[in-house]
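**Q** Following full-length UniProt numbering, the numbering of the sequence shown begins with 1 at its first residue and continues without gaps.
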Amino acid sequence: MAPITGQLIESPERQRTSATDDPVLVADNLTRRFGDRTVLDGIDLTIARGEFVALLGRSGSGKSTLLRAVAGLDVGVDGTGDLFVARNSSVVFQDSRLLPWSRVLPNVTLGLSGRDAAAAGRTALADVGLQGRERAWPNELSGGEQQRVALARSLVRQPELLLADEPFGALDALTRIRMHGLLRELCSKYRPGVLLVTHDVDEAITLADRVLVLDEGRFVADRSLDSLGAHRSLRDPEFVAHREALLTALGVDLTTH
Ligand SMILES: Nc1ncnc2c1ncn2[C@@H]1O[C@H](COP(=O)(O)OP(=O)(O)OP(=O)(O)O)[C@@H](O)[C@H]1O
Numbered sequence: 001m002a003p004i005t006g007q008l009i010e011s012p013e014r015q016r017t018s019a020t021d022d023p024v025l026v027a028d029n030l031t032r033r034f035g036d037r038t039v040l041d042g043i044d045l046t047i048a049r050g051e052f053v054a055l056l057g058r059s060g061s062g063k064s065t066l067l068r069a070v071a072g073l074d075v076g077v078d079g080t081g082d083l084f085v086a087r088n089s090s091v092v093f094q095d096s097r098l099l100p101w102s103r104v105l106p107n108v109t110l111g112l113s114g115r116d117a118a119a120a121g122r123t124a125l126a127d128v129g130l131q132g133r134e135r136a137w138p139n140e141l142s143g144g145e146q147q148r149v150a151l152a153r154s155l156v157r158q159p160e161l162l163l164a165d166e167p168f169g170a171l172d173a174l175t176r177i178r179m180h181g182l183l184r185e186l187c188s189k190y191r192p193g194v195l196l197v198t199h200d201v202d203e204a205i206t207l208a209d210r211v212l213v214l215d216e217g218r219f220v221a222d223r224s225l226d227s228l229g230a231h232r233s234l235r236d237p238e239f240v241a242h243r244e245a246l247l248t249a250l251g252v253d254l255t256t257h
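(1) Identify every run of the beta strand (DSSP E) within the region 55-86, keeping only runs that are complete inside it and at least 3 residues long; order them along the chain.
(2) So, Leu212 versus Leu67, is the Cβ gap smaller than 8 Å?
(3) Given the structure, does Val213 come close to ligand 1, in the sense that its CB is under 7 Å from one of the ligand's heavy atoms?
(4) What are the boundary residues of the alpha helix (DSSP H) that Val108 is part of?
(5) Over the uninterrupted beta strand (DSSP E) stretch that includes residue 292, give me the two end residues.
(6) In whole angstroms, give me the CA-to-CA distance for Ala173 and Glu203.
(7) Below 7 Å, is the gap between the Cβ of Thr65 and the nearest heavy atom of ligand 1?
(8) By a C-beta neighbour count over all protein chains shown, 10 Å radius and 16 as the cutoff for buried, is Asn107 buried or exposed?
(9) What residue range does the alpha helix (DSSP H) around Asp226 cover?
(10) Could you check what DSSP says for Asp202 in three-state terms: helix, strand or coil?
(11) To the nearest angstrom, how far is it from the Cα of Gln131 to the Cα of Arg122?
(12) For Gly114, name the three-state secondary structure that DSSP assigns.
(13) If Ala86 and Leu161 are in contact, beta carbons under 8 Å, what's the gap, nearest whole angstrom?
(14) Span of the beta strand (DSSP E) holding Arg178?
(15) Please identify the residue among Thr65, Pro159 and Glu51 whose C-alpha is closest to the C-alpha of Gly57.
(16) Using the C-alpha atoms, what's the distance from Arg49 back to residue 262?
(17) Just the Cα atoms here: how many angstroms apart are Val53 and Ala119?
(18) Touching or not, the region 146-155 and the region 91-101, by the rule of three or more beta carbon pairs under 8 Å?
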């Protein structure tokens, strides 16, 4: 198979034969190598519209490599495999990556054209609780507020697929909990498929429909969380059971914790 390096390949045929009715991401036998190190070793992954998938893995296990491949951001990286990625996809990173010389609203509507862009931007800012901050400069906002602007910037495009690489990793615990609630609300409103890379097992179980664990270039766990329902409690015995299973898949020795 010819190497592909971050291309977004649209394949109607794959869409018809996929396991889900409305896939927004299909990776088939995806490999990525850095030198002689194989970081992704034949990854198969399908995410449907509206499905929230969290990706866990030890540091260096290849989570960001997978997300960057899906986002088409790994140009020049050696690898093979097929990727179908919905045309309308957005990426959110750990840092907000706002343009410092641009006010909040133009940051959100960056790249959008048409008369409705500003109105859509205002709606997205209201969605993330930043109504009235349209004319603020990024450096006038807290870290959590900047991440909310980044979320608004992603969602204003109504993406079919949202790719998020530790979007809450740099936030304090309280802000992170608030952001979890916000992201759940936004996902039920906009219904993108989501691939969330995180280190935080509880964050994964709180937010996702399905949690994957990546190790040595392959998925070593793929857990559906459907049985937990919409309102999740860290103390629910079923939540605790998922946490233990995922920590075990991550190689954590639970007898010492
Ligand atoms: N551009 C690159 N050149 C060489 N090696 C790379 C490059 N990018 C990533 N790697 C290596 O690939 C492996 C996987 O990196 P990746 O960033 O995907 O891991 P990760 O699971 O996201 O880690 P973390 O949780 O620490 O962010 C690491 O060993 C890393 O050093």
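Ideal placement from N, C-alpha and C gives every residue a C-beta, glycine not left out.
**A** Looking at the atomic coordinates:
(1) 78-85
(2) no
(3) no
(4) Val104 to Thr109
(5) Residue 292 is absent from the structure shown; the chain starts at 1 and stops at 257.
(6) 11 Å
(7) yes
(8) buried
(9) Where Asp226 is concerned, there is no enclosing alpha helix (DSSP H), given that its DSSP letter is neither H nor E.
(10) helix
(11) 7 Å
(12) coil
(13) 5 Å
(14) It is not in any beta strand (DSSP E) - Arg178 instead sits in the alpha helix (DSSP H) that spans Ala173 to Tyr190.
(15) Thr65
(16) Any answer about residue 262 is impossible in this case: the structure gives the chain only from 1 up to 257.
(17) 30 Å
(18) yes
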